[in-house]
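Note that the protein sequences, when read in sequence, are chains A and B.
Our numbering numbers the first residue of the first sequence as 1 and each following residue consecutively.
Our numbering numbers the first residue of the second sequence as 317 and each following residue consecutively.
For every residue, glycine included, the Cβ atom is placed at its ideal position computed from N, Cα and C.
The model shown is predicted, which means the values in this text are computed figures rather than measured ones.
Below you'll find the structure, written out as structure tokens, and then a few comments.
There are 2 protein chains.
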Amino acid sequence: MKVKVAAGIDIGGTNVAAALVSNDGKIVARFNYPIKNYPAIENLVDELSNIILKSSDDNNYELAGIGIGAPNGNFYNGSIEFAPNLPWKGIIPLAKMFHQKCSVNAWLTNDANAAAIGEMIFGIAKGKKNFLMITLGTGLGSGIVANGELIYGHDGLAGEIGHTIIIRNGRQCGCGRKGCLETYCSATGLVRTMNEWISEGKQSSLQNINANEITAKQIFEAAQNNDALALEAFKFTAEILGMALADAVAYTSPDTIVLFGGLVNAGNLLIGQTKHYMEQNLLHIYKNKVSIVASQLPESDAAILGAASLVWNKTS
Amino acid sequence: MKVKVAAGIDIGGTNVAAALVSNDGKIVARFNYPIKNYPAIENLVDELSNIILKSSDDNNYELAGIGIGAPNGNFYNGSIEFAPNLPWKGIIPLAKMFHQKCSVNAWLTNDANAAAIGEMIFGIAKGKKNFLMITLGTGLGSGIVANGELIYGHDGLAGEIGHTIIIRNGRQCGCGRKGCLETYCSATGLVRTMNEWISEGKQSSLQNINANEITAKQIFEAAQNNDALALEAFKFTAEILGMALADAVAYTSPDTIVLFGGLVNAGNLLIGQTKHYMEQNLLHIYKNKVSIVASQLPESDAAILGAASLVWNKTS
Numbered sequence: 001m002k003v004k005v006a007a008g009i010d011i012g013g014t015n016v017a018a019a020l021v022s023n024d025g026k027i028v029a030r031f032n033y034p035i036k037n038y039p040a041i042e043n044l045v046d047e048l049s050n051i052i053l054k055s056s057d058d059n060n061y062e063l064a065g066i067g068i069g070a071p072n073g074n075f076y077n078g079s080i081e082f083a084p085n086l087p088w089k090g091i092i093p094l095a096k097m098f099h100q101k102c103s104v105n106a107w108l109t110n111d112a113n114a115a116a117i118g119e120m121i122f123g124i125a126k127g128k129k130n131f132l133m134i135t136l137g138t139g140l141g142s143g144i145v146a147n148g149e150l151i152y153g154h155d156g157l158a159g160e161i162g163h164t165i166i167i168r169n170g171r172q173c174g175c176g177r178k179g180c181l182e183t184y185c186s187a188t189g190l191v192r193t194m195n196e197w198i199s200e201g202k203q204s205s206l207q208n209i210n211a212n213e214i215t216a217k218q219i220f221e222a223a224q225n226n227d228a229l230a231l232e233a234f235k236f237t238a239e240i241l242g243m244a245l246a247d248a249v250a251y252t253s254p255d256t257i258v259l260f261g262g263l264v265n266a267g268n269l270l271i272g273q274t275k276h277y278m279e280q281n282l283l284h285i286y287k288n289k290v291s292i293v294a295s296q297l298p299e300s301d302a303a304i305l306g307a308a309s310l311v312w313n314k315t316s
Numbered sequence: 317m318k319v320k321v322a323a324g325i326d327i328g329g330t331n332v333a334a335a336l337v338s339n340d341g342k343i344v345a346r347f348n349y350p351i352k353n354y355p356a357i358e359n360l361v362d363e364l365s366n367i368i369l370k371s372s373d374d375n376n377y378e379l380a381g382i383g384i385g386a387p388n389g390n391f392y393n394g395s396i397e398f399a400p401n402l403p404w405k406g407i408i409p410l411a412k413m414f415h416q417k418c419s420v421n422a423w424l425t426n427d428a429n430a431a432a433i434g435e436m437i438f439g440i441a442k443g444k445k446n447f448l449m450i451t452l453g454t455g456l457g458s459g460i461v462a463n464g465e466l467i468y469g470h471d472g473l474a475g476e477i478g479h480t481i482i483i484r485n486g487r488q489c490g491c492g493r494k495g496c497l498e499t500y501c502s503a504t505g506l507v508r509t510m511n512e513w514i515s516e517g518k519q520s521s522l523q524n525i526n527a528n529e530i531t532a533k534q535i536f537e538a539a540q541n542n543d544a545l546a547l548e549a550f551k552f553t554a555e556i557l558g559m560a561l562a563d564a565v566a567y568t569s570p571d572t573i574v575l576f577g578g579l580v581n582a583g584n585l586l587i588g589q590t591k592h593y594m595e596q597n598l599l600h601i602y603k604n605k606v607s608i609v610a611s612q613l614p615e616s617d618a619a620i621l622g623a624a625s626l627v628w629n630k631t632s
């Protein structure tokens, strides 16, 4: 009998990463390409389909299906809808395109939902029925699992906690509104905080770097070297995230919140302080019940495993 | 064959209402008692059990089960937990008590969750898989339905949207924190708004009534008579509720929000304006997709039908 594998594809703003994944979460082959190689989506689908089919064939695997995580991916219709950070505009029926090319079922969802399913099947949320997945990257993505199922909502677009308003009339968000959570709590949000404070004249070891060159990683390193402003920026980020998560808990009462993304490497600078501020803001009935944990999946693999999980979630 | 009925019990701060309900939502017998008759919970369970069993027996009904809606009712353990507005303190294992007395299964949940199930089975949300139930009474209660199921959370206490913070450091809430949604958007919240403004010297036809005597109904009547301050109080309430619902939609992406409670009688003064402000605040992907509707169940029956639905939801 052939070994079954799922193809997991993670489409980001810069790269597309794909892999063949066994149903116990092992990556048995992997491929990476820069997005800029594919000005037309058809090129990407053609090339990836060919390599996935060939690799399955060469290794005598049976391809069980294709799972894709992508920004603005809608699970219900399998389309990427108006993704601002991808080169392909409008509505892209990506699941259908892969299905037609590879003759297997294909599913699409957004990156944070894929990560949530990945954590539920292979990761730290294994067996959990009620948890939140929060991805802290360029923005803040979220996937909500309740009653053991991912919540997609009536239109496939549930779980945009990053676009709830945490500070009314606060920072301008890319979505056109003001004060969205992700403008404060994300790698980009942390950098914005630091740049704002430096431009106000606050002192930091990073103050001589151009504003548009400071990275979240540099702020973390400065914080490790006891730069007071960098430490304060992490505290500020954690305080806002803690307040937001206290509100989030009142919706679906999860027992666990899984954080994922580069910022999570800051460890207790982020997670410990976020937990502190969440507890401070929780309604009494939820206090001391909710864990905040870091994803344990290898960083480069989590999104791919999550995408592949879409297949195993449907076929196993 | 005997006709099956469920007992629905609605426990409120002032009254307990109970009824025998057929599986198509018809109330075939009803009972009402003041809560103050029952200083000990055992007295209530004894008397209600006797009347439910006797009425079922007299009418040749088969009692299929008992459903109870009560403040701070926890679905998972069937207990009322520390309800501030009830005479019985601590943890009351109410479902178990009724089960032991009546020898049928008994389920308990909080009032807003019971109303959500009632709307899903008998009401305006019939057949809907993703909706929010919002009850506007003394507080703001909520029940969240996603993927066709009520969300209870890991501990049975999900759905406390009334205790998300809408105005940081805002009004003192009974829960001990500040700025909870229900301190603004509820019958009590509307009255607080009016009293605050009158005490600041703003003019209204209600300004000569004692602050602790003004009711939401009087504010509604004043608004109908074009009292500018009463109209403004409804607008203020709707604006805050609209902002909060815009955030709520980003969690579970419902297609419908059902409003229930005395305030809903204000019709477009509340619902129309809330819809307006919700749309103004929604993330673009959710715009013009979400209906806000009033519950159509008879007001005195909705909570009982909801409680009885707990039985039909489990046994039909």
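Query raised in the report: Applying a beta-carbon distance threshold of less than 9 Å, which residues of chain B neighbour A:Y251?
Result: The residue labelled residue 251 of chain A in the question sits at position 251 within the first sequence. Residues of chain B passing the Cβ test: S458, I460, I467, G469, A474, G475, E476, I477, T480, A564, Y567, T568.
**Report entry** Environment of B:A366 [buried if 16+ CB atoms lie within 10 Å]
**Finding:** The residue given as residue 366 of chain B occupies position 50 in the second sequence. Here the sequence assigns Asn to residue 366 of chain B, which means Ala is not the residue at that position. In the assembly as shown, B:N366 is an exposed residue. Its beta-carbon has fewer than 16 other beta-carbons within 10 Å.
Requested in this report: Taking a Cβ distance cut-off of 9 Å, strictly less, list which residues of the segment 490-505 of chain B are near chain A, in chain order.
Outcome: Answer set for the segment 490-505 of chain B: C491, G492, R493, C496.
Query raised in the report: Rounded to the nearest angstrom, how far is the Cβ of B:G578 from that of B:K533, given a contact under 8 Å?
Result: Locating residue 578 of chain B in the second sequence gives position 262, where the first residue counts as 1. Locating residue 533 of chain B in the second sequence gives position 217, where the first residue counts as 1. Contact flag correct, Cβ pair sits at about 7 Å.
Query - Per-residue contacts from B:K605 into chain A (C-beta, under 8 Å) - result: Position 289 of the second sequence, counted from the first residue, corresponds to residue 605 of chain B. What B:K605 touches in chain A: H154, D155.
Query raised in the report: Does the segment 108-116 of chain A come close enough to the segment 67-75 of chain A that 3 or more CB-CB pairs lie under 8 Å?
Result: Yes, they touch.
Report task. Alpha carbon to alpha carbon, how far is A:G127 from B:A610? Give it in angstroms, no decimals. Result -> Numbered from its first residue, the second sequence carries residue 610 of chain B at position 294. Numbered from its first residue, the first sequence carries residue 127 of chain A at position 127. Their backbone Cα atoms lie some 38 Å apart in a straight line.
Query raised in the report: What does A:H99 touch in chain B if you count any residue whose Cβ is under 8 Å from its own?
Result: Looking up residue 99 of chain A in the first sequence gives position 99. Ordered by position in chain B, no residue passes the 8 Å Cβ test against A:H99, which lies about 24 Å from the chain.
Query raised in the report: Is the beta carbon of A:E149 sitting closer than 9 Å to the one on B:N463?
Result: For the purposes of this step, residue 149 of chain A is identified with residue 149 of the first sequence, where counting begins at 1. For the purposes of this step, residue 463 of chain B is identified with residue 147 of the second sequence, where counting begins at 1. For A:E149 and B:N463, yes; Cβs fall inside 9 Å.
Query raised in the report: Smallest Cα separation from B:G457: which of B:D543, B:L557, B:K370, B:I440?
Result: As a position in the second sequence, residue 457 of chain B is number 141, starting the count at 1. Minimum Cα distance to B:G457 is reached at B:L557.
**Report entry** Reference A:C102, options A:L53, A:N59, A:L94, closest by Cα
**Finding:** Sequence index remark: in the first sequence, residue 102 of chain A carries index 102 (1-based). If we check each option's Cα against that of A:C102, A:L53 comes out closest.
Query raised in the report: From A:S316 to B:A356, what does the alpha carbon distance come to, in whole angstroms?
Result: For the purposes of this step, residue 316 of chain A is taken as residue 316 along the first sequence, with counting starting at 1. For the purposes of this step, residue 356 of chain B is taken as residue 40 along the second sequence, with counting starting at 1. The pLDDT assigned to A:S316 is 49, lower than 50, so where the model puts this residue is not dependable; a value taken from the coordinates is nonetheless given after this. Using only the alpha carbons, I get a separation of about 52 Å.
Query raised in the report: Which first and last residues belong to the alpha helix (DSSP H) in which A:V258 is found?
Result: Along the first sequence, read from residue 1 onward, the residue named residue 258 of chain A stands at position 258. It is not in any alpha helix (DSSP H) - A:V258 instead sits in the beta strand (DSSP E) that spans 256-260.
Query raised in the report: Buried or exposed: A:N318, going by 16 or more other Cβ atoms within 10 Å of its Cβ?
Result: Since the displayed chain A opens at 1 and closes at 316, residue 318 of chain A lies outside it and no answer follows.
Query raised in the report: Whose CA, out of A:V28, A:N281, A:A95, lies closest to the CA of B:R484?
Result: Walking along the second sequence from the start, residue 484 of chain B turns up at place 168. Measuring from the Cα of B:R484, the nearest candidate turns out to be A:N281.
Query raised in the report: Taking 9 Å as the CB-CB limit, is B:L452 close to chain A?
Result: Here residue 452 of chain B refers to the residue found at position 136 when the second sequence is read from its first residue. No Cβ of chain A is located within less than 9 Å of the beta carbon of B:L452.
**Report entry** For B:F347: DSSP bridge partner residues
**Finding:** Stepping through the second sequence from its first residue, residue 347 of chain B is reached at position 31. B:F347 is bridged to B:A334.
Requested in this report: Could you give the DSSP three-state label for B:V319: helix, strand or coil?
Outcome: The residue labelled residue 319 of chain B in the question sits at position 3 within the second sequence. Strand.
Query raised in the report: Three-state secondary structure (DSSP) at B:Q678?
Result: Residue 678 of chain B is absent from the model: chain B starts at 317 and stops at 632.
Query raised in the report: When DSSP labels each residue in this structure, what does A:S316 get in the three-state scheme?
Result: Taking the first residue of the first sequence as position 1, residue 316 of chain A is located at position 316. With a pLDDT of 49 at A:S316, under the threshold of 50, the modelled position of this residue cannot be trusted, and the question is left open.
Query - Distance, A:I165 Cα to B:K591 Cα - result: Position 275 of the second sequence, counted from the start, is the residue given in the question as residue 591 of chain B. Position 165 of the first sequence, counted from the start, is the residue given in the question as residue 165 of chain A. Annotation: B:K591 to A:I165 spans about 17 Å, alpha carbon to alpha carbon.
**Report entry** Short Cβ contact (9 Å threshold) for A:A64 with A:V28
**Finding:** Indexing the first sequence from 1 puts residue 64 of chain A at position 64. Indexing the first sequence from 1 puts residue 28 of chain A at position 28. Contact: no.
Query raised in the report: From the beta carbon of B:D427, is the nearest beta carbon of chain A less than 9 Å away?
Result: Stepping through the second sequence from its first residue, residue 427 of chain B is reached at position 111. Output row for B:D427: interface = no.
Report task. Please report the Cβ distance between B:N390 and B:G329, rounded to the nearest whole angstrom; I am assuming they are in contact, meaning their Cβ atoms lie under 8 Å. Result -> Here residue 390 of chain B refers to the residue found at position 74 of the second sequence. Here residue 329 of chain B refers to the residue found at position 13 of the second sequence. At roughly 18 Å, the Cβ-Cβ gap does not stay under 8 Å, so B:N390 and B:G329 are not in contact.
Query raised in the report: Between the Cα of B:I351 and the Cα atoms of B:E358, B:N331, B:S338, B:A560, which residue gives the shortest distance?
Result: Position 35 of the second sequence holds residue 351 of chain B. With distances taken between Cα atoms, B:I351 lies closest to B:N331.
**Report entry** Closer than 9 Å to chain C by CB, A:M133
**Finding:** In the structure shown, chain C does not exist; the protein chains are A and B.
Report task. Have a look at B:S502, B:Y500, B:D543 and flag the residue whose alpha-carbon is nearest the alpha-carbon of B:S520. Result -> Translated into positions along the second sequence, residue 520 of chain B becomes position 204. Sorting B:S502, B:Y500, B:D543 by C-alpha distance to the C-alpha of B:S520 places B:D543 at the top.
Query raised in the report: Would you say A:Y286 reaches chain B, if we count a Cβ-Cβ gap shorter than 9 Å as a contact?
Result: Within the first sequence, residue 286 of chain A is the residue found at index 286, counting from 1. At least one chain B Cβ lies under 9 Å of A:Y286.
Requested in this report: Tell me, please, which residues DSSP counts as bridged to B:G457.
Outcome: As a working note, residue 457 of chain B is residue 141 in the second sequence. Beta-bridge pairing links B:G457 to B:T451.
Report task. Identify the contact partners of A:L263 in chain B, using a Cβ-Cβ distance below 7 Å as the criterion. Result -> Reading the first sequence from its first residue, position 263 is the one you call residue 263 of chain A. A:L263 does not reach chain B, its nearest Cβ partner there being about 21 Å away, counting only Cβ pairs nearer than 7 Å.
Query raised in the report: Hey, does A:D57 have any beta-carbon neighbour from chain B nearer than 9 Å?
Result: One-based indexing of the first sequence puts residue 57 of chain A at position 57. No - not a single Cβ of chain B is within 9 Å of the one on A:D57.
Query raised in the report: From this set, B:D563, B:A564, B:A554, B:R493, which residue's C-alpha is nearest B:L586's C-alpha?
Result: Translated into the one-based positions of the second sequence, residue 586 of chain B becomes position 270. For B:L586, the closest C-alpha among the options B:D563, B:A564, B:A554, B:R493 is that of B:A554.
Query raised in the report: Between which two residues does the alpha helix (DSSP H) containing B:Q555 stretch?
Result: Counted from its first residue, the second sequence places residue 555 of chain B at position 239. It should be noted that the sequence gives Glu, not Gln, for residue 555 of chain B. The continuous alpha helix (DSSP H) containing B:E555 extends over residues 544-568.
Query raised in the report: Does DSSP classify A:D57 as helix, strand or coil?
Result: By 1-based counting over the first sequence, the position of residue 57 of chain A is 57. Helix at A:D57.
Query raised in the report: Measuring CA to CA, which of A:C185, A:I257, A:G123, A:I219 is closest to A:I198?
Result: Residue numbering aside, residue 198 of chain A sits at position 198 when the first sequence is read from its first letter. It is A:I219 whose Cα lies nearest to the Cα of A:I198.
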